[in-house]
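Residue numbers (the working numbering): 3 to 189.
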Amino acid sequence: IRAGMDAAIQRGDLQAQFTLMLESNDGRTLEYSGGGSTPDFAYESASTSKWVAAAVILEAVDRGFLTLNTTANAQLPFWTETTVTLRHLLSFTSGLNDTAGCTNLPNINFATCVEQIYTNVWPTSAAAGAEYNYNQSHLQVAGLMAIKPSGVPYERLEPDDIVLVSLWTGEIVDSKLQPSSDTPTHL
């Protein structure tokens, strides 16, 4: 990999600042930086996180803990609208046509922000499936749908903390934690 990266830089194929960091299942690592970048260099990120968030949420779908047809109101007690599905959220067609101001606030609670999206943005939104609108509100809602049952505050949530609950039986499928007390409202 390192030789291929060196050759691509010499040919001029890679002209941007970047750092590539890989780790194999057996613990071997590769770190490669180009264009003056380092692993500690802080980059601003915007839409680059959307595909990562979608991939993590789709892992829950692949494992059978959510479906693309799971509705927001089935997972989120405050969400009373009944037609928005995970499929709508992941394809940016949920009807959410704006971003709530809370998404860029540094100290706001994630769940509180998603509730503000529903309270402040949903009333002006289009019908689910009616239009495509590329904004971050969709994935904020989808993310809370995926993590809500864990009972761990978002700020402390680690991948191992996610409680995977069967939507069909309500039983914990994979977790060292118990789901939140409002899990029955999600099923």
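Think of the CB as a built atom: it goes at the ideal place given N, C-alpha and C, for glycine as much as any other residue.
| query | result |
| --- | --- |
| How many angstroms separate the CA atom of S35 from the CA atom of P41? | 7 Å |
| Tell me which residues share the same chain as T187 and place their Cβ nearer than 6 Å to its Cβ, disregarding the 5 neighbours each side in the sequence. | Residue confidence for T187 is low, a pLDDT of 42 falling below 50, so the modelled location carries little weight; the figure read from the coordinates is stated next. Excluding positions up to five away in sequence, the list reads P79. |
| The beta strand (DSSP E) that contains T69, what's its start and end? | It is not in any beta strand (DSSP E) - T69 carries neither H nor E in the DSSP assignment. |
| Just to confirm the assignment: which complete beta strand (DSSP E) runs, minimum length 3, are found wholly within the segment 10-51? | 20-25, 31-36 |
| Exposed or buried, which one is A44 when buried takes at least 16 other CB atoms within 10 Å? | exposed |
| How big is the Cα-Cα spacing for L91 and A144? | 6 Å |
| For a test of the three-state rule: what should DSSP assign to D184, helix, strand or coil? | Note that D184 has pLDDT 43, beneath the 50 cutoff, so the model's placement of it is unreliable and no number is given. |
| Using DSSP bridges, identify the partner residues of T87. | T73 |
| Can you tell me whether F80 is helix, strand or coil according to DSSP? | coil |
| Which first and last residues belong to the alpha helix (DSSP H) in which V143 is found? | 139-149 |
| Assess, as a yes-or-no matter, whether the segment 93-105 is touched by the segment 115-134 under the definition of 3 or more beta carbon pairs within less than 8 Å. | yes |
| Please classify Q19 as buried or exposed, where buried requires at least 16 neighbouring CB atoms within 10 angstroms. | exposed |
| Can you name, in chain order, every residue of its own chain whose Cβ lies under 6 Å from the Cβ of L24, other than the five neighbours on each side? | L32 |
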